[in-house]
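Only one structure is covered here, and it is reproduced in the block below.
In the numbering used here, the protein residues as written are 858 to 1776.
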């Protein structure tokens, strides 16, 4: 008979007559006793798919407005990229590469068993993040399902991986109360000292540009060409310093947990406020959670998970080259421009920035999004017989976002103008499963799960534009002619699924899953899709021939194959659409796009082979090799003009991602007084476009410099070939189609100049504890990717932008024959287009290594605390984004998944002090 228990070494014993006493010993081979997987849990040694987890302890001392930012560098194969350092900003998460061009690439988020909304919510703010309403301290664990065997049970939503979040539950025992407080400060992350020219530098640069253009900067009769030494006697302003401040963060939280043999609970309430490093930017959140489980009787159990919250996000226009963008204006406003008027008010006399002052914008304009959020689910679980569990979970998630944008006449926008919008997002879900598990013939065990799910997702928006409002009461009704618009849309999905798990003697494991999804987003001929997976694993360490191999504690071989889908497309693409039009002066409707009855799912076909290991009771890790191929990829295809239309979205392309992942963790020292752990993860992913339905190259919808090219990586920078500077003349050089050097940009050839896709990503962490003092260090890195710094086409303009300040790095320009490795010579009002952003001149190596977190904590001895009724007290200091090693000529190397952007809010570094007390 096989005797087993989670966390213990299984024993096979011979049945004897009479009473038997069997003692199981702890199994240190199982590093994580229970891992959350799709629609259930499993032991680590029983898994067949590629799964990575982090626990609440690894997140507790990190400081971020949302948990997704905390995962950077912690998991092999999981790439977290930020395209904004703004508080409350959204993150781009990619699991094992990017699988689509026109469909979504974000993973599915499942919290406490129910899929939730994610991504941007709102209209007016630069960025928003639906996940920011979850308090990271409420999280018990996060599990990432990476391969088809682990994720395919989620069917058409699993192509980009699945992130499972489990929030904390109560435990039987005495009630515990925990209070937490954090306070921190932040500043721009600018470890390469990227800055604008000071007065002396700009004066020198302008004079040289005028001289190179044939003018005399010392001739007082030259008007705007006159640049005397006396210009430097006036007060100078560092505009980046003027537009920034020391950001401040504070967070307070109280939680309670406990329970009896029938009921358990966890509850929390928190307040988080983060003021950005730019004036006018703030993120504020108030949040509360209640998790309750109750055993009604020996057959029935019920529970609720409720999270409610309010957030207020205020910002100013960024993420593009707006005149009101403080990061761009701070680099371009001239240092001798005065920041204040004589009366102390903000100056608007800034002609080089279209008479716009971002400090005035931050003070007088309004741009905010106020969000009210509810996410609740309730389950009822019935166990009618031993081994059979029937469960229904029903969930409602709602977000109400009220936005406003007000342009004040005091910021030089003319008439007072207001825009408002009200967005409502709703997601209703029901999930119903029946699970039966049993053991037969001693060594054989199995689990069968069948389930059904349905969801309804809807959104509506009311938008009002109102010009000439009353500046004292800037609401739309004070305008004589406000304009209102309304949008709404909805989608539904019905699903049926099943899972079969089989285990023989804790040595051989087999899992298979199948799911049928029906979605309202696809054509009537392809409403339903079938998705499946099969996975197997072999616990080699449990074989009889391994009994004498004491140094191997766990050795598992895994293999899987599966098909999942991507339904993350816009609604109503399958329908013929109409647009308003005028015909002979009469308003009517015109057919704008045809039916698309065959619009279908993008499919991901993937295989994975992996090894999990644990040896010498101190070292563990995994190695995975994978390939995933996207077929039926959605591309916009041209139609015959005789149809009356020019193009239609069709399932015609294909793409492949292949890669390898390596994770290694070591428990180096473990004694009574000293514990030292360390770990490293490294991932390599390479994408390749296989088919563009006959096209060799198509353009990216967001950035013209990015192309999709058959046979290349998913993203390719397609740019003019810049060849540096002619050492004799200082002119910019380009390579033409014949391989000859030319000074004319119009003759420059275009080349495949690299990809924003990193070749290698990884992370490293270590923590050392000595008598209650813990030092934790975490690093993350990306290597082999390119980034295009488009802002530098204005800030390294070679004299073309004579009214703007320039980057200090532009001072490295050609000055005399023989100069090399420098910028072209500046020429006033340069007309050669040497500063074109669509060239390799501003394409840089985006590789970096970031010291992501350094935390020093001290936990007071329990004997010191027992006399005052305190169970635990910890104080800590933490640094986030402490230092970044990179060679990018900008504040920070991160530019999002596509490696581009304009006027990006750079990453910030922060230093936080915290206190945790448990009673």
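Glycine residues also receive a C-beta, built at the ideal position from the N, C-alpha and C atoms.
Only a predicted model underlies this, so the values are computations on that prediction, with no experimental measurement involved.
Asked: Host beta strand (DSSP E) of residue 997 (start-end); Found: 996-1002
Asked: Classification of residue 1725 by the beta-carbon crowding that lies within 10 angstroms, buried from 16 upward; Found: exposed
Asked: Contact belief for residue 1307 with residue 1290 at Cβ below 8 Å, rounded distance in angstroms; Found: 7 Å
Asked: Residue burial classification, residue 1767 (beta-carbon count within 10 angstroms, cutoff 16); Found: buried
Asked: Residue interval of the alpha helix (DSSP H) (run including residue 843); Found: For the chain, the structure presents residues 858 to 1776; residue 843 sits outside this window and is missing.
Asked: Residue burial classification, residue 1243 (beta-carbon count within 10 angstroms, cutoff 16); Found: exposed
Asked: Rounded Cβ spacing between residue 1457 and residue 1379 (contact assumed at less than 8 Å); Found: 6 Å
Asked: Member of 1776, 1773, 1775 and 1769 whose CA lies at the smallest distance from the CA of residue 1103; Found: 1769
Asked: Residue 901 Cβ short of 6 Å to the ligand NAP heavy atom set; Found: For the structure depicted, the ligand NAP is absent and the ligand set is empty, with no information on it obtainable.
Asked: Alpha-carbon to alpha-carbon, residue 1416 and residue 1405; Found: 26 Å
Asked: Closest Cα partner of residue 1539 within the set 1616, 1560 and 1572; Found: 1616
Asked: Under 7 Å between C-beta atoms of residue 1716 and residue 1629; Found: yes
Asked: Other residues of its chain near residue 1012: CB distance less than 8 Å, five sequence neighbours each side excluded; Found: 1352, 1354, 1372, 1373, 1374, 1386, 1388, 1421 and 1422
Asked: Pair within 7 Å by beta-carbon distance, residue 1544 and residue 1160; Found: no
Asked: C-beta contact flag for residue 1747 and residue 1180 at 7 Å; Found: no
Asked: Contact under 7 Å by Cβ, residue 1140 with residue 1117; Found: no
Asked: Contact check, residue 1459 vs residue 1490, beta carbons under 7 Å; Found: yes
Asked: Distance between residue 1486 and residue 1514 (C-alpha atoms, nearest Å); Found: 6 Å
Asked: DSSP state of residue 1460 mapped onto helix, strand, coil; Found: strand
Asked: Status (buried if at least 16 other CB within 10 Å, exposed otherwise) for residue 1721; Found: exposed
Asked: Chain-order list of residues whose beta-carbon lies under 7 Å from that of residue 1592 (same chain, five-residue window excluded); Found: 1578, 1580, 1598, 1605 and 1606
Asked: Local conformation of residue 1228 per DSSP, three classes; Found: strand
Asked: Burial state of residue 1778 (16 or more Cβ within 10 Å); Found: In the structure as shown, the chain starts at 858 and stops at 1776, and residue 1778 therefore has no counterpart that could be examined.
Asked: Close beta carbons around residue 1165, own chain, < 6 Å, minus the five adjacent residues each side; Found: 1145 and 1231
Asked: Contact between the segment 1666-1674 and the segment 1636-1645 (3+ Cβ pairs under 8 Å); Found: no
Asked: Which listed residue (1000, 965 and 1172) has its alpha carbon closest to that of residue 941; Found: 1172
Asked: Bridge partner(s) assigned by DSSP for residue 1660; Found: In the DSSP output, where bridge partners are listed per residue, residue 1660 has none listed.
Asked: Span of the alpha helix (DSSP H) around residue 1217; Found: 1215-1221
Asked: Straight-line gap, residue 1517 to residue 1393 (C-alpha atoms, nearest Å); Found: 19 Å
Asked: Own chain residues within Cβ distance below 6 Å of residue 1377, not counting five before or after; Found: 1348 and 1349
Asked: Beta-carbon proximity list for residue 1533, same chain, < 6 Å, skipping 5 on both sides; Found: 1525, 1526 and 1625
Asked: DSSP three-state assignment for residue 1606, whether helix, strand or coil; Found: coil
Asked: Complete beta strand (DSSP E) runs within the segment 1239-1306 (minimum length 3 residues, chain order); Found: 1245-1264 and 1274-1297
Asked: Environment of residue 883 [buried if 16+ CB atoms lie within 10 Å]; Found: Per-residue confidence for residue 883 stands at a pLDDT of 43, beneath the threshold of 50, marking its modelled position as unreliable; no derived number is given.
Asked: Unbroken alpha helix (DSSP H) run spanning residue 1063, endpoints; Found: 1056-1069
Asked: Coarse secondary structure for residue 1652, derived from DSSP in three states; Found: helix
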